[in-house]
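When we follow the working numbering, the leftmost residue of the sequence shown carries the number 2, and every step to the right adds one.
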Amino acid sequence: MNKTITSAANPLFKSLLELKTTSGRKAQGRFLIEGVHMVKMAINVHIVEQIIALSPCENIEEAILQIIVPASLMKRLATQVTPQGVLAVCRELPIDFMLGPQIIYLDGVNDPGNLGTIIRSAAAFGIETILLSPDCVSLYNPKALAASQGAIFTVNVRESSIDELKRLKEQGYRLIGTRLHEEAIPLNRFAYPKKFVLVFGSEAHGIGQVLLPLLDESIVIPMEHIESLNVAMAATIIMYDMKYR
């Protein structure tokens, strides 16, 4: 089914514009994705409600409404510098509370590019679950979605809390912090336990003071000439080590 919108005053278009804001996404329980690759992946996991395009797309199931817009309106909806001419409105991903033996916990990570990159690396190295502290950037931030390159559809990412971490400790998970500390164990000498939660802190402040006392141990990446790495780079290195050591 197709619908054409030619005016920015159209109520449906205004509703779509709201999805570019955090408050709009929360209110509607939906989010926008952009680009052919991302839209195809979203269709495969059955969360697409509407497709927005410059012209009708072929082989789209009837249940998905296709909204045809001119380039001027597409530009207002798109976030990419060079829009590909296709977006999709998606339902929020279903929450999966199943947890594997290896979990990533992001504490206050607020750069959307870093979040998306960490999710992409997790998919590459077989990490199934990423938990986000309440003050992390939104999973559905357009920059986070773009940086994930579709990995949000393969990795279980959801909001968590300090209370859940305490429960995981009671269930036998060890909490491992990644931080610059004199007692931190160099990554190349660290022995991973059977069940653990690997904690990464914010770009500016590291792991929060409330969470630090819960850590069972800390690890650090041995480096030369510099003191620290971007959190997404550090997470990628450690996840690679977890996978192949």
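Think of the CB as a built atom: it goes at the ideal place given N, C-alpha and C, for glycine as much as any other residue.
- Rank 233, 205, 180 by C-alpha distance to the C-alpha of residue 218 and give the top, closest one. On the sequence shown, residue 218 is found 217 positions in, with the first residue counted as 1. That would be 180, whose Cα lies nearest to the Cα of residue 218.
- Between the Cα of residue 164 and the Cα atoms of 71, 244, 106, 29, which residue gives the shortest distance? By one-based count along the sequence shown, residue 164 stands at place 163. For the residues 71, 244, 106, 29, the minimum Cα distance to residue 164 belongs to 106.
- Task: With a 10 Å radius around its C-beta and 16 neighbouring C-beta atoms as the bar for buried, classify residue 143 as buried or exposed.
- Result: Mapped onto the sequence shown, residue 143 falls at position 142. Around the CB of residue 143, 16 or more other CB atoms lie within 10 Å, so the residue is classed as buried.
- Query: Roughly how many angstroms separate the alpha carbons of residue 30 and residue 225, rounded to a whole number?
  - Reply: As a first step, residue 30 must be located in the sequence shown, where it is residue number 29. As a first step, residue 225 must be located in the sequence shown, where it is residue number 224. Cα to Cα, residue 30 sits roughly 45 angstroms from residue 225.
- Would you mind sorting residue 98 into buried or exposed? The rule is 16 or more other CB atoms within 10 Å of its CB. For this step, residue 98 is matched to residue 97 along the sequence shown. Exposed, since its Cβ has fewer than 16 Cβ neighbours within 10 Å.
- Message: As a quick exercise: from 67, 158, 84, pick the residue whose alpha carbon is nearest that of residue 94.
- Response: Here residue 94 refers to the residue found at position 93 when the sequence shown is read from its first residue. It is 158.
- Item | Alpha carbon of residue 148 to alpha carbon of residue 81, nearest angstrom | The residue labelled residue 148 in the question sits at position 147 within the sequence shown. The residue labelled residue 81 in the question sits at position 80 within the sequence shown. When rounded, the distance between both Cα atoms is 12 angstroms.
- Task: Select from 57, 152, 196 the residue whose C-alpha is nearest the C-alpha of residue 171.
- Result: As a working note, residue 171 is residue 170 in the sequence shown. In terms of CA proximity to residue 171, 196 leads the group 57, 152, 196.
- Message: I'd like to know whether the C-beta atoms of residue 208 and residue 186 end up nearer to each other than 8 angstroms.
- Response: Your numbering for residue 208 matches position 207 in the sequence shown. Your numbering for residue 186 matches position 185 in the sequence shown. In this structure, residue 208 lies away from residue 186, with their beta-carbon atoms at least 8 angstroms apart.
- Task: Using three-state DSSP, classify residue 174 as helix, strand or coil.
- Result: As a working note, residue 174 is residue 173 in the sequence shown. Per DSSP, reduced to three states, the secondary structure at residue 174 is coil, with no helix or strand assignment.
- Task: Quick one: residues in its chain with C-beta nearer than 7 angstroms to the C-beta of residue 238, no 5 flanking neighbours on either side, listed in chain order?
- Result: As a first step, residue 238 must be located in the sequence shown, where it is residue number 237. Excluding its 5 nearest sequence neighbours in each direction, residue 238 has C-beta neighbours in its own chain below 7 angstroms: 222, listed in chain order.
- Message: Between which residues of its own chain and residue 21 is the CB-CB distance below 8 angstroms, once the five residues before and five after are set aside?
- Response: Sequence index remark: in the sequence shown, residue 21 carries index 20 (1-based). For residue 21, where only same-chain residues beyond five positions count, the Cβ hits under 8 angstroms are 33, 78, 80, 143.
- Query: From 25, 102, 2, 104, pick the residue whose C-alpha is nearest to that of residue 62; which is it?
  - Reply: Position 61 of the sequence shown, counting from 1, holds the residue named residue 62. That would be 2, whose Cα lies nearest to the Cα of residue 62.
- Give the straight-line distance between the Cα atoms of residue 134 and residue 244, rounded to the nearest whole angstrom. Here the question's residue 134 lines up with position 133 in the sequence shown. Here the question's residue 244 lines up with position 243 in the sequence shown. Counting only the Cα atoms, residue 244 lies some 24 angstroms from residue 134.
- Task: Work out the CA separation of residue 91 and residue 64 for me, nearest whole Å.
- Result: The residue given as residue 64 occupies position 63 in the sequence shown. The residue given as residue 91 occupies position 90 in the sequence shown. Here the alpha carbon of residue 64 sits roughly 13 angstroms from the alpha carbon of residue 91.
- Under 8 angstroms by Cβ, that's how I've got residue 132 and residue 161 pegged, so tell me the actual separation to the nearest angstrom. Counting from 1 along the sequence shown, the entry for residue 132 is found at position 131. Counting from 1 along the sequence shown, the entry for residue 161 is found at position 160. Rounded, the Cβ-Cβ distance is 4 angstroms, consistent with contact.
- Message: If you follow the alpha helix (DSSP H) that residue 45 is in, where does it begin and where does it stop?
- Response: For the purposes of this step, residue 45 is taken as the residue at position 44 of the sequence shown. Counting along the chain, the unbroken alpha helix (DSSP H) around residue 45 starts and ends at 37–45.
- Task: Compute the beta-carbon to beta-carbon distance between residue 10 and residue 118, rounded to the nearest angstrom, for a pair I have assumed lies under 8 angstroms.
- Result: The residue you call residue 10 lines up with position 9 of the sequence shown. The residue you call residue 118 lines up with position 117 of the sequence shown. The beta-carbon separation of residue 10 and residue 118, rounded to 38 angstroms, does not stay under the 8 angstroms limit for a contact.
- Message: On a Cα-Cα basis, can you pick out the residue from 176, 14, 87 that is closest to residue 43?
- Response: Residue 43 sits at position 42 when you count from the first residue of the sequence shown. Answer by Cα proximity: 87.
- Alpha-carbon to alpha-carbon, residue 48 and residue 6: Translated into positions along the sequence shown, residue 6 becomes position 5. Translated into positions along the sequence shown, residue 48 becomes position 47. Distance between the alpha carbons of residue 6 and residue 48 is about 23 angstroms.
- Message: Considering only their Cβ atoms, is the gap separating residue 154 from residue 37 smaller than 8 angstroms?
- Response: For the purposes of this step, residue 37 is taken as residue 36 along the sequence shown, with counting starting at 1. For the purposes of this step, residue 154 is taken as residue 153 along the sequence shown, with counting starting at 1. For the pair residue 37 and residue 154, the CB atoms are not nearer than the 8 angstroms cut-off.
- According to DSSP, is residue 179 helix, strand or coil? Counted from its first residue, the sequence shown places residue 179 at position 178. Strand, per DSSP.
- Message: Suppose the cutoff is 7 angstroms on Cβ atoms and the five residues either side in sequence are ignored; what does the same chain contact list for residue 25 look like?
- Response: Within the sequence shown, the letter at position 24 stands for residue 25. If we look at residue 25 and ignore the five residues flanking it on each side, its Cβ neighbours are 19.
- Chain-order list of residues whose beta-carbon lies under 6 angstroms from that of residue 152 (same chain, five-residue window excluded): What you label residue 152 is simply residue 151 of the sequence shown in a count that begins at 1. Excluding the 5 residues flanking it on each side, residue 152 has same chain C-beta neighbours closer than 6 angstroms at 120, 121, 124, in chain order.
- Host beta strand (DSSP E) of residue 5 (start-end): Looking up residue 5 in the sequence shown gives position 4. Boundaries of the beta strand (DSSP E) around residue 5: 3–5.
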